[in-house]
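In this note's numbering, the protein residues as written are 20 to 213. Glycine is no exception: its CB is placed at the ideal position from the N, C-alpha and C atoms. Following: one structure in structure tokens, then a few remarks.
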Amino acid sequence: MQAKANEINREFGRFDPEKRHLFQIEIPNTMFTPYLYESLGIEIALSNSEIDTVFWNAAAPGMPTEGIRDFLEYVKGKGIRTGVISNISFDPSVVIERINRLLPENTFEFMITSSNYMFRKPNKRIFDLALEKAGLQPGKAWYIGDQYECDVKGALNAGLLPVWYIGAIDLPYTEDKNILTVKTWSELERYMEE
């Protein structure tokens, strides 16, 4: 099954670390998974969201990054509004459930997933949608993300102030002196206080 999924993804150009930021339209699992399974003669008696939940929980159970709870409490206490923009193919309800389960104290005003709104970061349209939902102009919003090509460049292109959070993933990176780069949430909090 994985070999077939890899074949299809290679055909689309998805998930190639060097090129994934160029892939700016999402293929939701609600379309991908039924094709994958049924093309192999497999029928599953679960809804798309149930399939996504089972798969995602088994493949990557997820956990909050160190310090995120304290940071969310900090911004909440300062009256700073928050939302989520995520490049993800899982059903939006599954993503929302996971975020709310892992961070039950969050006060996110919205959670935008590429699986629900078609466009993937760095496409400007997904950032524009978030700004519209927040009722903000680009220069009045920050965007914190861990992927340079998708998050940092996408936020810059949309006119938001990007913050590159490099504490979530263990990947090599080249520092960009023009971008606020932080390794921890407490570091970002200190910067905001200054």
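Near residue i, which residues of its chain fall below 6 Å by C-beta distance, leaving aside the five closest residues on each side in sequence?
i	result
T132	S105, I107, P111, V114
L207	V201
G164	D170
T126	K95
Classify residue i as helix, strand or coil using the three-state DSSP reduction.
i	result
P181	strand
T203	coil
F138	strand
I27	helix
A22	helix
E147	One point to set straight first is that residue 147 is Asp, not Glu, in the sequence displayed. Of the three classes helix, strand and coil, the one that applies to D147 here is helix, per DSSP.
R209	helix
Answer yes or no: do residue i and residue j have a C-beta to C-beta separation smaller than 8 Å?
i	j	result
K172	P141	yes
F42	R139	yes
V103	M130	yes
N197	K143	no
S134	E45	yes
P181	A187	no
T101	E124	no
L148	Y136	yes
Can you list, in chain order, the residues of its chain whose CB lies under 8 Å from that of residue i, leaving out five sequence neighbours each side?
i	result
E194	T200
L121	G81, M82, P83
Within the same chain, show all residues whose beta-carbon is closer than 7 Å to that of residue i, passing over the 5 residues directly before and after it, in chain order.
i	result
K38	G32
L179	F146, P157, A160, W161, Y162
Determine, using beta-carbon pairs with one atom in the stretch 154-172 and one in the stretch 66-78, whether at least three such pairs fall under 8 Å.
No: fewer than three Cβ pairs fall under 8 Å.
Taking three-plus beta-carbon pairs below 8 Å as touching, is the stretch 197-206 in contact with the stretch 84-94?
Cβ pair count under 8 Å is three or more, so yes.
At which residue ranges does the stretch 68-133 contain complete beta strand (DSSP E) runs of 3 or more residues, listed in the order of the chain?
When DSSP assignments are scanned along the stretch 68-133, the uninterrupted stretches of beta strand (DSSP E) that are 3 or more residues long and fall wholly within it turn out to be 101-105, 127-132.
Please confirm if the stretch 56-66 is in contact with the stretch 92-102, defined as three or more CB-CB distances below 8 Å between the two stretches.
No, because fewer than three Cβ pairs between the stretch 56-66 and the stretch 92-102 fall closer than 8 Å, the two stretches do not touch.
Please give me, in chain order, every unbroken run of the alpha helix (DSSP H) with length at least 4 that falls completely inside the stretch 154-181.
Correct list: 172-177.
Jot down the residue ranges of each uninterrupted alpha helix (DSSP H) in the stretch 38-62, minimum 4 residues, whole runs only, in chain order.
Those alpha helix (DSSP H) runs which fall completely within the stretch 38-62 and span 4+ residues are 48-58.
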